[in-house]
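Student: Positions 7 to 675 (the numbering used here) are the ones given, in order, by the sequence shown.
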Amino acid sequence: MSTDLTLTGDGNTSYTLSSGSVVTGTPASNGSGVSLQLSAIDQLAINGLLNKAGTVANDGTTTYNLSATSGWDTGAGAVTTQVVTVSNVTAPTISKVAYNASSGVFSVTGANLENHGSANGIKLPNFVLSGGSSAYTFSAVNDTVSNLTASGFSLKLSAADKTSVNSFVNNNGTGPLVGNAYNLSVGLNWDSDNGAKITTQGLTVSGVSTATPTLNLTIYNASTGVLTLSGNNFTTKAADYVATDLTLKGDGGTSYTLTSGSTVSGTPTSTGVNIQLSVADELAINGLLNKAGTLANDKSGYGLTTVNGWDIGAGTFTTGVTVSNVVAPTLSSVAYNASTGIFTVVGANLTNHGSANGIVLGDLTLSAGTSKFVFNAVNDSVSNLSNTGFTISLNNADQALVNGFITTNGTKTTGGVLYNLAATANWDSDSGAKITTEGVTASGAALSVVSSGGLVNPQAVALDGTGNIYVTDFAANTIVKIAAGTYAASTYLSVNQPSGLAFDKAGNLYVSEYANNIVQEFTAGSLTPITIATGLNKPMGLTLDSSGNVFVANNGNTNLVEINHVVYTPTLTSVTPTPVNNLWENTGQLVLSRALFTAFAGANVVTDVNFSNATAAITPNDYLYYNASNGGVYYDANGSVSGPAVEIAVVGLTSHPTTLSLGDFTLVA
Numbered sequence: 007m008s009t010d011l012t013l014t015g016d017g018n019t020s021y022t023l024s025s026g027s028v029v030t031g032t033p034a035s036n037g038s039g040v041s042l043q044l045s046a047i048d049q050l051a052i053n054g055l056l057n058k059a060g061t062v063a064n065d066g067t068t069t070y071n072l073s074a075t076s077g078w079d080t081g082a083g084a085v086t087t088q089v090v091t092v093s094n095v096t097a098p099t100i101s102k103v104a105y106n107a108s109s110g111v112f113s114v115t116g117a118n119l120e121n122h123g124s125a126n127g128i129k130l131p132n133f134v135l136s137g138g139s140s141a142y143t144f145s146a147v148n149d150t151v152s153n154l155t156a157s158g159f160s161l162k163l164s165a166a167d168k169t170s171v172n173s174f175v176n177n178n179g180t181g182p183l184v185g186n187a188y189n190l191s192v193g194l195n196w197d198s199d200n201g202a203k204i205t206t207q208g209l210t211v212s213g214v215s216t217a218t219p220t221l222n223l224t225i226y227n228a229s230t231g232v233l234t235l236s237g238n239n240f241t242t243k244a245a246d247y248v249a250t251d252l253t254l255k256g257d258g259g260t261s262y263t264l265t266s267g268s269t270v271s272g273t274p275t276s277t278g279v280n281i282q283l284s285v286a287d288e289l290a291i292n293g294l295l296n297k298a299g300t301l302a303n304d305k306s307g308y309g310l311t312t313v314n315g316w317d318i319g320a321g322t323f324t325t326g327v328t329v330s331n332v333v334a335p336t337l338s339s340v341a342y343n344a345s346t347g348i349f350t351v352v353g354a355n356l357t358n359h360g361s362a363n364g365i366v367l368g369d370l371t372l373s374a375g376t377s378k379f380v381f382n383a384v385n386d387s388v389s390n391l392s393n394t395g396f397t398i399s400l401n402n403a404d405q406a407l408v409n410g411f412i413t414t415n416g417t418k419t420t421g422g423v424l425y426n427l428a429a430t431a432n433w434d435s436d437s438g439a440k441i442t443t444e445g446v447t448a449s450g451a452a453l454s455v456v457s458s459g460g461l462v463n464p465q466a467v468a469l470d471g472t473g474n475i476y477v478t479d480f481a482a483n484t485i486v487k488i489a490a491g492t493y494a495a496s497t498y499l500s501v502n503q504p505s506g507l508a509f510d511k512a513g514n515l516y517v518s519e520y521a522n523n524i525v526q527e528f529t530a531g532s533l534t535p536i537t538i539a540t541g542l543n544k545p546m547g548l549t550l551d552s553s554g555n556v557f558v559a560n561n562g563n564t565n566l567v568e569i570n571h572v573v574y575t576p577t578l579t580s581v582t583p584t585p586v587n588n589l590w591e592n593t594g595q596l597v598l599s600r601a602l603f604t605a606f607a608g609a610n611v612v613t614d615v616n617f618s619n620a621t622a623a624i625t626p627n628d629y630l631y632y633n634a635s636n637g638g639v640y641y642d643a644n645g646s647v648s649g650p651a652v653e654i655a656v657v658g659l660t661s662h663p664t665t666l667s668l669g670d671f672t673l674v675a
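#1: Pull up the distance between the alpha-carbon of Ala156 and that of Ser101, whole angstroms please.
#2: With which residues is Ile398 paired in a DSSP beta bridge?
#3: Buried or exposed: where does Thr414 fall if 16 or more other Cβ atoms within 10 Å of its Cβ makes it buried?
#4: By Cβ distance below 7 Å, which residues in the same chain neighbour Asn132 in space, the five residues on each side in sequence not counted?
#5: Who are Ile100's beta bridge partners in DSSP?
#6: Between the C-alpha atoms of Ile538 and Ile524, what's the straight-line distance to the nearest angstrom?
#7: Count the other C-beta atoms from every protein chain shown that fall within 10 angstroms of the C-beta of Val517, then say buried if there are 16 or more, exposed otherwise.
#8: For Asn502 and Ala482, I'd like the C-alpha separation in whole angstroms.
#9: Of the residues Thr277, Leu264, Asn64, which one's Cα is nearest the Cα of Ala202?
#10: Within 8 Å, do at least three Cβ pairs link the segment 370 to 386 to the segment 262 to 273?
#11: Going by other Cβ atoms of all chains shown within 10 Å of its Cβ, with 16 needed for buried, is Glu519 buried or exposed?
#12: Return helix, strand or coil for Gly17, following the three-state DSSP convention.
#13: Between Phe381 and Asn390, is the Cβ-Cβ spacing less than 7 Å?
#14: According to the neighbour-count rule (16 or more other Cβ atoms, all chains shown, within 10 Å of its Cβ), is Thr169 buried or exposed?
#15: Comparing C-alpha positions only, which one of Gly278, Lys162, Ser145 sits nearest to Val151?
#16: Is it buried or exposed, Lys440, if we count other Cβ atoms within 10 angstroms and call 16 or more buried?
#17: With 16 other CB atoms within 10 Å as the buried threshold, where does Leu566 fall?
#18: DSSP has Asp197 in a bridge; who is on the other side?
#19: Please report the residue range of the beta strand (DSSP E) in which Thr549 lies.
#20: In terms of residue numbering, what span does the alpha helix (DSSP H) encompassing Lys487 cover?
#21: I'd like to know if the segment 327 to 345 and the segment 218 to 232 are in contact, where contact means that at least 3 CB-CB pairs between them fall below 8 Å.
#22: Considering only C-alpha positions, which residue in the set Asp317, Leu72, Ser139 is nearest to Asn189?
#23: Taking Thr224 and Val313 to be in contact with their CB atoms under 8 Å, please state how far apart those CB atoms are, rounded to whole angstroms.
#24: Cβ of Asn543 within 7 Å of Cβ of Asn560?
#25: Taking the C-alpha atoms as reference points, what is the distance between Asn694 and Tyr631?
#26: Give the C-beta separation of Asp257 and Asn303 to the nearest angstrom, bearing in mind that I take them to be a contact with Cβ-Cβ under 8 Å.
#27: Taking the DSSP output, what are the residues bridged to Thr253?
#28: For Leu135, which of helix, strand or coil comes out of DSSP?
#29: Are Gly15 and Leu55 touching if we call contact CB-CB under 7 Å?
#30: Closest by CA to Thr19, which one among Thr241, Asn53, Gly37?
#31: In the structure shown, what three-state DSSP assignment does Lys162 receive?
#32: Going by DSSP, which residues form a beta bridge with Gln526?
#33: Have a look at Thr61 and Val171 and give me their C-alpha separation to the nearest angstrom.
#34: First and last residue of the beta strand (DSSP E) that includes Val175?
#35: Do you know offhand how far Ser160's Cα is from Ala141's?
#36: What are the boundary residues of the alpha helix (DSSP H) that Ile291 is part of?
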């Protein structure tokens, strides 16, 4: 019986013949042979195992074998090993493929197809379907083969795989609406470890719905930049939508076509798709769709126009657009660099007007009091516009006009008039409320206001050695000090109508008092005046030369007066010519006159600010120093600033103290 016979082949797979296989013809009378005709089912199974002519299968390792149970012939014992030789093997081929998109079933026609023993011989992962720009690889887990014969089989997709395939198999016939024709490619040994590689096998599609997409409604959210298209029969694959197929129209009848930077947001449905506009597209569209509703600020109707193929199979559509969440543009700060002629403007919800700049330069006016400048779209240019700011560059002529009244850094002129930018209504893309007051901060100007608060009638100005600024406030009878680097002003001295002032190298301050007709000296660190000149007539400006002589503009007498340095420089007062070393040895003190003492001390004590043990003055206030190498005590009116020092005493005749202390000095009347 045929059921006693088992054949082993490719993959070491075995198959036992069924009862449908029968003896054909008459067995040899001498008992030397018998022929069996395999049934169609058995032949389908065996041809997949004995898949190469000869004695070894396509897998290159399995030798064909026949085994038989005992009694396979009358009185015959069991057979374990019997080599089988195969001839006339023909590899499987495919000649035709059809796909029904409605049912998700492929019908494949071919020749010499086979099972692999009892199992299906078709290797689904070897099959790849393509069309347009998409492709799908079949799944042995999800998809199933059925009705396999030597001349064909059916392949049914799972529901999920059907959706994937139908996303690009979108047209009946041999190709999709857009892109490459449908094709089935198959890897080598695709049927029971047999079958040549197939690169090109066309297929015919049926069952695709002929309903085309329709566009009924378009909504735009200006706050999020999302454009929503609604209708029917939309494709549910995001890649099938191209933003450049969409053109929007708005304010001024101006149109703008979206760029490829705008993309589908989320997953499309059969009734709608959301397009997220790029930053550039949103900037352009928000200037055209500039008012909530269906009409722009100038009453132009909003519209969307599509080209053929904006969705798979879709034709041209034109619909109105409904806009929501529109916020008008605003300004929050303006800065101007006078050296470059560039204004930097910061704001919110700024827009372009389609592809064009949305800022209407002729609507902007810069002013400072009665001085005004209206920006010019011909001469001046807008750049770097985003929804939060932009820059305006003036040409050379306009820069000169503006700099004619913006002469001071800061927010106002030297006269205290505020800089201001005003804008008429609809200054950005036919939108934006009227702006009456928007302050402007200037930099790069020729002048800067250091201080204006508290000054009534400022006249003269001078700097000390550390960078502090001193200003005579004539009408307020004060001298104001402005701390270096801080611009913090405070009253330094009260003086009767101070007009001129200057510092010498030692840091002493000289002030001309207009009302008192005198010049006062304030030694460094002291607020106690020393009158160095009287009898003047309305003295005003003054200055010093390198020798310390003071020159005063004597306004009332219309002349220039010099106050010689030696007239007001303190000198030694005569004392009993007792040797200084006797003073040191007998009293332990060096005695100086009041005139000399006050010259370096400015008070009734000697401090470490005015005295040092050194070979030369160390600081500008070092008026007195002791040199232990020669015992000399020196007075230097200029301190460490360039100028001569005068030796006023020698301590010790043959030897000298190592140092002197502050207590070694005393004041005499």
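Where a beta carbon is used, it is the ideal one built from N, C-alpha and C, also for glycine.
Every value quoted in this text rests on a predicted model; they were computed, and no experiment measured them.
Tutor: According to the structure data:
#1: Position 150 of the sequence shown, counted from the start, is the residue given in the question as residue 156. Position 95 of the sequence shown, counted from the start, is the residue given in the question as residue 101. Their backbone Cα atoms lie some 12 Å apart in a straight line.
#2: Against the sequence shown, residue 398 aligns to sequence position 392. Within the DSSP bridge table, the entry for Ile398 names Phe349, Val388 as partners.
#3: By 1-based counting over the sequence shown, the position of residue 414 is 408. That one is buried.
#4: Here residue 132 refers to the residue found at position 126 when the sequence shown is read from its first residue. Setting aside the 5 residues that flank it on each side, Asn132 is surrounded in the same chain by Val192, Gly193, Trp196, each with a C-beta closer than 7 Å to its C-beta; the list follows chain order.
#5: Counted from its first residue, the sequence shown places residue 100 at position 94. Under DSSP, the beta-bridge partners assigned to Ile100 are Gly116.
#6: Numbered from its first residue, the sequence shown carries residue 538 at position 532. Numbered from its first residue, the sequence shown carries residue 524 at position 518. Taken atom to atom, the span from the alpha-carbon of Ile538 to that of Ile524 is near 8 Å.
#7: Here residue 517 is taken as the residue at index 511 of the sequence shown, counted from 1. By the 10 Å Cβ count, Val517 comes out buried.
#8: Position 496 of the sequence shown, counted from the start, is the residue given in the question as residue 502. Position 476 of the sequence shown, counted from the start, is the residue given in the question as residue 482. Between Asn502 and Ala482, the alpha-carbon positions lie close to 9 Å from each other.
#9: As a first step, residue 202 must be located in the sequence shown, where it is residue number 196. Of Thr277, Leu264, Asn64, the residue nearest in Cα terms is Asn64.
#10: They do not touch, by the three-pair rule.
#11: Taking the first residue of the sequence shown as position 1, residue 519 is located at position 513. So Glu519 counts as buried.
#12: Here residue 17 refers to the residue found at position 11 of the sequence shown. If DSSP states are grouped into helix, strand and coil, Gly17 belongs with the helices.
#13: In the sequence shown, the residue the question calls residue 381 occupies position 375. In the sequence shown, the residue the question calls residue 390 occupies position 384. No, these two residues do not count as a Cβ contact at 7 Å.
#14: Counting from 1 along the sequence shown, the entry for residue 169 is found at position 163. Counting Cβ neighbours within 10 Å, Thr169 comes out exposed, since fewer than 16 surround it.
#15: Within the sequence shown, the letter at position 145 stands for residue 151. Cα-wise, what sits closest to Val151 is Lys162.
#16: Numbered from its first residue, the sequence shown carries residue 440 at position 434. Exposed, since its Cβ has fewer than 16 Cβ neighbours within 10 Å.
#17: Taking the sequence shown and counting its residues from 1, one reaches residue 566 at position 560. Burial call: exposed.
#18: Here the question's residue 197 lines up with position 191 in the sequence shown. Checking the DSSP bridge columns, you'll see Asp197 partnered with Ile128, Asn200.
#19: By 1-based counting over the sequence shown, the position of residue 549 is 543. 545 to 550 is the span of the beta strand (DSSP E), which, as asked, contains Thr549.
#20: Position 481 of the sequence shown, counting from 1, holds the residue named residue 487. It is not in any alpha helix (DSSP H) - Lys487 instead sits in the beta strand (DSSP E) that spans 484 to 488.
#21: Remark: three or more beta-carbon pairs, one from each stretch, lie closer than 8 Å, so the segment 327 to 345 and the segment 218 to 232 are flagged as touching.
#22: On the sequence shown, position 183 is the one that residue 189 refers to. The shortest Cα separation from Asn189 among Asp317, Leu72, Ser139 belongs to Ser139.
#23: Reading the sequence shown from its first residue, position 218 is the one you call residue 224. Reading the sequence shown from its first residue, position 307 is the one you call residue 313. Contact between Thr224 and Val313 does not hold, since the beta-carbon distance rounds to 15 Å and is not under 8 Å.
#24: On the sequence shown, residue 543 is found 537 positions in, with the first residue counted as 1. On the sequence shown, residue 560 is found 554 positions in, with the first residue counted as 1. The answer is yes: Cβ separation under 7 Å.
#25: The structure shown does not extend to residue 694, since the chain spans only 7 to 675, so no value can be given for it.
#26: Working through the sequence shown from its first residue, we reach residue 257 at position 251. Working through the sequence shown from its first residue, we reach residue 303 at position 297. The pair is a contact, with the Cβ atoms about 6 Å apart (cut-off 8 Å).
#27: Here residue 253 corresponds to residue number 247 of the sequence shown, with the count starting at 1. In the DSSP output, where bridge partners are listed per residue, Thr253 has Thr263, Thr311.
#28: Position 129 of the sequence shown, counted from the first residue, corresponds to residue 135. Three-state DSSP puts Leu135 in a strand.
#29: Translated into positions along the sequence shown, residue 15 becomes position 9. Translated into positions along the sequence shown, residue 55 becomes position 49. Going by C-beta atoms, Gly15 is nearer than 7 Å to Leu55.
#30: Position 13 of the sequence shown holds residue 19. Answer by Cα proximity: Asn53.
#31: Position 156 of the sequence shown, counted from the start, is the residue given in the question as residue 162. Lys162 falls in the strand class under three-state DSSP.
#32: Within the sequence shown, residue 526 is the residue found at index 520, counting from 1. The partner list for Gln526 (beta bridge, DSSP) reads Val517, Thr537.
#33: Position 55 of the sequence shown, counted from the first residue, corresponds to residue 61. Position 165 of the sequence shown, counted from the first residue, corresponds to residue 171. Computed Cα separation, rounded: 42 Å.
#34: Start at 1 with the first residue of the sequence shown, and residue 175 comes out as number 169. For Val175, no beta strand (DSSP E) run applies, since DSSP gives it neither H nor E.
#35: The residue labelled residue 160 in the question sits at position 154 within the sequence shown. The residue labelled residue 141 in the question sits at position 135 within the sequence shown. Each residue's alpha carbon lies about 20 Å from the other.
#36: In the sequence shown, the residue the question calls residue 291 occupies position 285. Segment 285 to 294, the alpha helix (DSSP H) holding Ile291.
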